[in-house]
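So the working numbering is basically just the index in the sequence shown, starting at one, shifted up by 6. Cβ coordinates follow ideal geometry from the N, Cα and C atoms, glycine included. The structure presented is a predicted model; accordingly, all values stated were derived computationally and were not measured. The next block holds one structure in the form of structure tokens; read it before the comments.
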Amino acid sequence: MDLDPDTQAMLKVAAGDKQAFAWLFDRHHASVARFAFRFVGDPARAEELTQDIFVKLYRHAGAYKPTAKFKTFLFRVATNHCLNEMRRGEYRVARLATGAPDAEDAGGLEMPGPEGDRPDQALSGRELEAAVGLALGDLSERERAAFTMCRFEGMAYRDIAEALEASEAAVKSLIHRATLAVARRLEALQAGTVPARSRA
């Protein structure tokens with residue numbers, strides 16, 4: 007059976023290869039940090055969670071089976087860690103309304119273009135990010151996780167279902183509800199009826 011590079015590296019990690027772990031960390035750090043940011047809304051705390059997630063990944067490497075995609079396994083660890091963190095009750099995801107610190111953290115949103123663009127266009131990009139952040143704050147934790155994996159990380163329903171340990175039907179329902187909520191928030195922003203920064 008041909009194994010993809012991530013799977014090969016993870017099997018090496020399970021055998022104690024620290025260099026393989028460093029390669030996986032460099033390769034997937036940004037996407038995990040974006041995922042964590044969608045939960046806590048604070049770049050510094052998201053980075054701390056990302057470090058914790060990779061430590062857990064290393065410790066649980068022996069439980070990885072090549073029958074599952076590495077990214078699915080990684081996001082199962084990340085989801086469980088972020089959900090546990092949220093249940094501690096220390097975070098208000100509405101803080102996402104301040105916007106991601108840079109375009110990479112935005113995770114694929116239509117963010118402001120390069121310097122030289124009109125200021126009103128840049129403002130529109132920031133407001134878009136803020137509106138999506140507020141919409142995510144209105145979602146349940148599992149809706150937020152499913153929506154983030156689907157829309158920002160491009161994961162398939164089947165892989166999200168494995169990461170959330172849920173059925174594909176349940177995942178489709180979660181993403182559908184989340185998509186409607188985000189769409190409503192964006193429509194309200196475009197109509198000017200609900201300012202993106204109206205909630206703190």
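- In summary, D165 is buried, with 16 or more beta-carbon neighbours lying within 10 Å of its beta-carbon over all protein chains present.
- Secondary structure of R190 (DSSP, three-state): helix.
- The region 36–53 makes no contact with the region 21–28; the number of CB pairs closer than 8 Å stays below 3.
- Counting other Cβ atoms within 10 Å of its Cβ, T73 stays below 16 and is therefore classed as exposed.
- For D23, the three-state secondary structure derived from DSSP is coil.
- Shown here, G68 sits in a helix according to DSSP, grouped into three states.
- For M92, the enclosing alpha helix (DSSP H) stretches over residues F76 to R93.
- Ranked by how close their Cα comes to the Cα of M155, the residues T85, E53, K71 and D58 have T85 in first place.
- Setting aside the 5 residues that flank it on each side, T78 is surrounded in the same chain by D165, E168 and A169, each with a C-beta closer than 7 Å to its C-beta; the list follows chain order.
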